[in-house]
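Participant: Quick one: structure below, then a few questions.
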Amino acid sequence: MVTASWYLILAAGLFTIGAVGLLVRRNPLIMFMCVELMLNAVNLTFITFGRELGDIGGQVSVFFVLVVAAAEVVVGLAIVVAINRRRPQATADDLSALRG
Amino acid sequence: METAVFIVCAAIVLAGALGVVLARNPVHAALSLVGTLFGMAVLFLNLEAHFLAAVQIIVYAGAIVVLFLFVIMLLGVDRLEDLSVEPITGQRVLAGIVGLGTFGLAVAFLVTSDIGLPGQEALTGPITDQYSNLRQIADVLFTDYVYAFEATAALLTISVVGAVVMSRRIARADQAQEAPESQEAARDD
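In the order they appear, the protein sequences are chains A and B.
Residues in the first sequence are numbered consecutively from 1, following the working numbering.
Residues in the second sequence are numbered consecutively from 101, following the working numbering.
Listed below in structure tokens is the structure:
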């Protein structure tokens, strides 16, 4: 029988992989994908705790996280496109200054 | 049955996550992300969150990953990245330590704490078998969380406007002034 602890450990592992990927990778697009992994890990903990406590609020929180993640991807990818127009093939290390 | 589904989906989720981090080609990373998100949707079904499993497939695997792939192909960055070079010396070791620390702290907290919390009352609304999952979410979303729901509508509108403003071409009047500067920038690079 799978208890809530297994889901939480899986979520911790997924969050860790996402965090390490965010720190190590230099391609802005891959870094965004790692942020998505971390958001998904948190979603899994929300739903697990929601079921464990018998509370629907966990699932409602995940709904809001999904909306914010969608908005974040839209704005983030627009920034990546805008940067790539001025400086093609830029990595995160090249983007140390705020001005284009 | 739940155990078997959990084991298979956990393997898919972790393999996909490792694929995102380790893939040299951004397109392969995006496809690994689909695997992770799909396994996560099945885990949501396992946890009886039926509506969110459907939303996960439609929004994440459908819209967000397609947006990623679209940008990858639009920018033409689907070239192989050389992962053998470490831009900052010692960064990967430090990142590994941070990762192990995060995972270790989470698991240690889990082992030492009592997550069952017996006798706790549900704050927003109890999960029952009486109504469907979708109806229970909707009941809470349009009563207790209705202002937050309205705020997400505003957030989505603002982000769409922001994306359009950021990705539009520079106006023609500015272009005459911008042109010499951008040539200079290109020469500097």
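Even for Gly, the Cβ is constructed at its ideal location relative to N, Cα and C.
Since we're looking at a predicted model, the values are computed, not measured.
1) Does any residue of chain B have a CB that is nearer than 9 Å to the CB of L95 (chain A)?
2) Within the same chain, show all residues whose beta-carbon is closer than 6 Å to that of A4 (chain A), passing over the 5 residues directly before and after it, in chain order.
3) For the alpha helix (DSSP H) that contains M33 (chain A), what are its first and last residues?
4) So what's P126 (chain B) in DSSP terms, helix, strand or just coil?
5) By the three-class DSSP mapping on this structure, what secondary structure does D182 (chain B) have?
6) My guess is that T290 (chain B) and N84 (chain A) are in contact by the Cβ rule of under 8 Å, so how many angstroms apart are they, rounded?
7) Using a Cβ-Cβ distance under 9 Å, would I9 (chain A) count as near chain B?
8) Shortest alpha-carbon distance to A130 (chain B) belongs to which of B:P226, B:S184, B:M173 and B:I188?
9) Determine the direct distance from the alpha carbon of L133 (chain B) to that of Q236 (chain B), and round the result to whole angstroms.
10) What whole-angstrom Cβ distance do T202 (chain B) and F15 (chain A) have, given they're in contact under 8 Å?
11) List the residues that DSSP assigns as beta-bridge partners of D55 (chain A).
12) Could you check whether the Cβ of Q156 (chain B) sits closer than 9 Å to any Cβ belonging to chain A?
13) Is the separation between the beta-carbon of L22 (chain A) and that of T45 (chain A) shorter than 9 Å?
14) Over the uninterrupted alpha helix (DSSP H) stretch that includes S267 (chain B), give me the two end residues.
15) Any residues in the segment 19 to 40 of chain A with a beta carbon nearer than 8 Å to a beta carbon of chain B? Which ones, in chain order?
16) How should D55 (chain A) be labelled, buried or exposed, when 16 other C-beta atoms within 10 angstroms of its C-beta is the threshold for buried?
17) Can you confirm whether V42 (chain A), when its beta carbon is compared against all beta carbons of chain B, has any partner nearer than 9 Å?
18) Could you work out which residues of chain A lie near Q191 (chain B), taking near to mean beta carbons separated by less than 9 Å?
19) Within 9 Å of any Cβ in chain A, is that where the Cβ of D239 (chain B) sits?
20) Under the three-state reduction of DSSP, which class applies to M101 (chain B): helix, strand or coil?
21) Does any CB atom of chain A fall closer than 9 Å to the CB of F203 (chain B)?
22) In chain A, which residues lie with their C-beta within 7 Å of the C-beta of Y245 (chain B)?
23) List the residues of chain D whose Cβ lies closer than 9 Å to the Cβ of I172 (chain B), in chain order.
24) Is A19 (chain A) near G190 (chain B), with beta carbons less than 9 Å apart?
25) Counting only beta-carbon separations shorter than 9 Å, does V121 (chain B) have a partner in chain A?
26) Whose C-alpha, out of B:G262, B:V185, B:V121 and B:L175, is nearest the C-alpha of A90 (chain A)?
27) Got a sec? Which residues, its chain only, sit under 8 Å from A11 (chain A) by beta carbon, not counting five neighbours each side?
Facilitator: According to the structure shown:
1) As a first step, residue 95 (chain A) must be located in the first sequence, where it is residue number 95. By this cut-off, L95 (chain A) is not an interface position.
2) Position 4 of the first sequence, counted from the start, is the residue given in the question as residue 4 (chain A). Closer than 6 Å at Cβ, skipping near neighbours: T48 and E52.
3) The residue you call residue 33 (chain A) lines up with position 33 of the first sequence. Per DSSP, the unbroken alpha helix (DSSP H) holding M33 (chain A) starts and ends at P28 to E52.
4) For this step, residue 126 (chain B) is matched to residue 26 along the second sequence. In the three-state DSSP reduction, P126 (chain B) falls in the helix class (H, G or I).
5) Taking the first residue of the second sequence as position 1, residue 182 (chain B) is located at position 82. D182 (chain B): coil per DSSP, three-state reduction.
6) A query on residue 290 (chain B) cannot be resolved here, the shown segment of chain B reaching from 101 to 289 and no further.
7) Start at 1 with the first residue of the first sequence, and residue 9 (chain A) comes out as number 9. So, interface residue.
8) Locating residue 130 (chain B) in the second sequence gives position 30, where the first residue counts as 1. Among B:P226, B:S184, B:M173 and B:I188, the Cα nearest to that of A130 (chain B) belongs to B:M173.
9) Here the question's residue 236 (chain B) lines up with position 136 in the second sequence. Here the question's residue 133 (chain B) lines up with position 33 in the second sequence. Approximately 30 Å between the Cα atoms of the pair.
10) Locating residue 202 (chain B) in the second sequence gives position 102, counting from the first residue. Locating residue 15 (chain A) in the first sequence gives position 15, counting from the first residue. Indeed they touch by this definition, with Cβ atoms about 7 Å apart.
11) Here residue 55 (chain A) is taken as the residue at index 55 of the first sequence, counted from 1. Per DSSP, B:P226.
12) Within the second sequence, residue 156 (chain B) is the residue found at index 56, counting from 1. Taking a beta-carbon distance threshold of 9 Å, Q156 (chain B) counts as an interface residue toward chain A.
13) To locate residue 22 (chain A), count along the first sequence from 1; it is residue 22. To locate residue 45 (chain A), count along the first sequence from 1; it is residue 45. Going by C-beta atoms, L22 (chain A) is not nearer than 9 Å to T45 (chain A).
14) Translated into positions along the second sequence, residue 267 (chain B) becomes position 167. Here the alpha helix (DSSP H) through S267 (chain B) covers V246 to S267.
15) For the segment 19 to 40 of chain A, the residues whose beta carbon sits under 8 Å from a beta carbon of chain B are, in order, A19, V20, G21, L23, V24, R25, R26, N27, L29, I30, F32, M33, C34, E36, L37 and N40.
16) As a working note, residue 55 (chain A) is residue 55 in the first sequence. It counts as buried.
17) Taking the first residue of the first sequence as position 1, residue 42 (chain A) is located at position 42. Not an interface residue.
18) As a working note, residue 191 (chain B) is residue 91 in the second sequence. Here the neighbours are L23 and V24.
19) The count along the second sequence starts at 1 and reaches residue 239 (chain B) at position 139. Interface residue, yes.
20) Stepping through the second sequence from its first residue, residue 101 (chain B) is reached at position 1. It is coil, neither helix nor strand.
21) Along the second sequence, one-based indexing puts residue 203 (chain B) at 103. Yes - at least one Cβ of chain A is within 9 Å of the one on F203 (chain B).
22) Against the second sequence, residue 245 (chain B) aligns to sequence position 145. For Y245 (chain B), the C-beta contacts it makes with chain A under 7 Å involve V60, in order along the chain.
23) In summary, chain D is missing from the structure at hand, where the protein chains are A and B.
24) Translated into positions along the first sequence, residue 19 (chain A) becomes position 19. Translated into positions along the second sequence, residue 190 (chain B) becomes position 90. G190 (chain B) is positioned such that its CB atom lies no closer than 9 Å to that of A19 (chain A).
25) By 1-based counting over the second sequence, the position of residue 121 (chain B) is 21. Contact of V121 (chain B) with chain A is assigned, a C-beta pair being separated by under 9 Å.
26) By 1-based counting over the first sequence, the position of residue 90 (chain A) is 90. Distances from the CA of A90 (chain A) to each of B:G262, B:V185, B:V121 and B:L175 were compared; the closest alpha carbon is that of B:L175.
27) Looking up residue 11 (chain A) in the first sequence gives position 11. Excluding sequence neighbours, A11 (chain A) sits near A41, V42, L44, T45 and T48.
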